[in-house]
Ligand SMILES: [Zn+2]
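Residue numbers (full-length UniProt numbering): 1 to 493.
Next up, the structure:
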């Protein structure tokens, strides 16, 4: 276990954790949002972020501080906490983003880390190479090698109590992300940003983003705190948390406010298009859209930024409550309905159901089946895996209905979509207590048929029959031929 990070609650790949930041003498509860502060231009003051919004940690760019004479001198003299007037933990970025945008920066890893330490940063960042998506594999490998050399240099720099980020790169190659994660976890460094995903999010490629994070997570292991670097839209937090991200940074709250964009958990709206305020934060209950539009630029920007922060922090709290209650995937499923590309992201998450299953708790409060995607959840995979450990008699009747017709068999098991077969005594145990709609869909039937197939294949010496309520031919085709099919009338109980 890493000393600075402790896990408290887990749901799917999501977790509530505690990140201990010794230099700030602060413990940050994760998932956490780090508002981005531009030291030259703050829309909402860091003091207000802490007191009004409850921000425990923020992030600012050390390269901007380094390059701005008066801010640099003040930071060196008084320390960042005084300059920014922020009581929580302060993370600093190194300027890798500027490197990506403008081609070059002129400091070494040692210099920028020592500088971050000197100005009083609590979590520093080395200069890595943020390789963009879709580059050649050769470029991704070469740049990753450079990043890895710099992480090794960074691990040797004496930074006292300052924690140090170890960015995980690898472009859109999940296996390189996995290698990068493994290498980063083996260094002495502390926090693990998954880097260069901003272009994926700008293009709404949430599925590729999930694949990149899943790769990084396989390499990093469960005990590493993971920062989805540059991800600040609350719409995708639940999805990213479910894949195992712990930290998010938002520049979006201020950048979007600057051009009258209004964040919601279902996407971005433009202030011009709002007839009503779909929110109950202090900004939205005290202004109508017309009143907001009538404000002078600077005030309007500040009010919109405040709204954007309120919804962003609110979503983080909602996600934590969902993890605690064990219904994070239900929340992800709701968010996936906001935009087709979010649905792609959710479907990509389910492609990693086996990976999620390793951390998913054995028992939770409830399982609500709310779409055919629910059939691919980790709980269904786990039930199928569990079937191989169950003892079966010589002849077994599996049925969606009552025991009628099962007299010729040694025992009768229930079949419930999407899980498939299970012995009666398990019917009160999670996830077989799931709430499933009466009007079952094909996804649930197919998953149930796969469960039957699994049980039959695990028990070649047992004779099986399957009582089903009108399963379509392509679903029945998933069940081995040697299983006798028994059609039940649809109202049989
Ligand atoms: Zn609001």
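Every residue, glycine too, gets a C-beta built ideally from N, C-alpha and C.
It should be emphasised that the depicted structure is a prediction, and the values quoted were computed from it without experimental measurement.
Taking 8 Å as the upper bound for CB-CB distance, residue 308 and residue 263 are in contact here, some 4 Å apart.
Residue 313 and residue 54 have their alpha carbons spaced roughly 8 Å apart. Collapsing the DSSP output to three states places residue 158 in coil. For residue 269, the secondary structure class from DSSP, reduced to helix, strand or coil, is strand.
Around residue 79, the same chain offers 119 and 120 as residues with beta carbons nearer than 7 Å, after the five sequence neighbours per side are excluded. Considering only 365, 356 and 363, the residue with the shortest C-alpha distance to residue 378 is 356. Short of 8 Å from the beta carbon of residue 45, and not among the five residues preceding or following it, lie these beta carbons of its own chain, in chain order: 85. Beta-bridge partners of residue 249 (DSSP): 34.
If you draw a 10 Å sphere on the C-beta of residue 276, you find fewer than 16 other C-beta atoms in it, and that means exposed.
The beta carbons of residue 316 and residue 11 sit about 15 Å from each other, so the pair does not count as a contact at 8 Å.
Residue side-chain check: residue 310 places its Cβ nearer than 7 Å to a non-hydrogen atom of ligand 1.
Judged by beta-carbon spacing, residue 181 lies beyond the 8 Å limit of residue 140, meaning their Cβ atoms are not closer than that value.
For the pair residue 372 and residue 442, the CB atoms are nearer than the 8 Å cut-off.
If you ignore the 5 residues before and after residue 304, its C-beta comes within less than 8 Å of the C-beta of 256, 257, 260, 261, 262, 271, 283 and 292, all in its own chain and listed in chain order. Boundaries of the alpha helix (DSSP H) around residue 50: 46-53. Spatial neighbours of residue 380 in its own chain (CB-CB distance under 7 Å, excluding positions within 5 residues in sequence) are listed in chain order as 418, 419 and 447.
A buried status is given to residue 165, since no fewer than 16 other beta-carbon atoms sit within 10 Å of its beta-carbon. Note on geometry: alpha-carbon atoms of residue 219 and residue 438 lie some 41 Å from one another. Annotation for residue 270 indicates a beta carbon at 7 Å or more from all heavy atoms of ligand 1. Per the C-alpha coordinates, the member of 435, 83, 409 and 453 positioned closest to residue 463 is 409.
The beta carbons of residue 89 and residue 24 sit closer together than 8 Å. Look at residue 2 here: in three-state DSSP terms it is coil, with no helix or strand label. Residue 91 is positioned such that its CB atom lies no closer than 8 Å to that of residue 69.
The residue from 407, 159 and 471 with its alpha-carbon nearest to that of residue 415 is 471. Selection 476, 5, 16 and 484 evaluated against residue 242 yields 16 as nearest (Cα-Cα). Residue 145 and residue 128 have their C-alpha atoms spaced approximately 10 Å apart.
The residue among 160, 319 and 132 with its C-alpha nearest the C-alpha of residue 172 is 132. Of 191, 201, 7 and 332, the smallest CA-CA separation from residue 162 is found for 191. Not one heavy atom of ligand 1 falls within 7 Å of the beta-carbon of residue 233. For the pair residue 47 and residue 193, the Cα-to-Cα distance works out to about 25 Å. Of the heavy atoms belonging to ligand 1, at least one sits nearer than 7 Å to the Cβ of residue 283.
For residue 320, same chain residues with a beta-carbon under 7 Å away, outside a window of 5 residues either side, are 16 and 31 in chain order.
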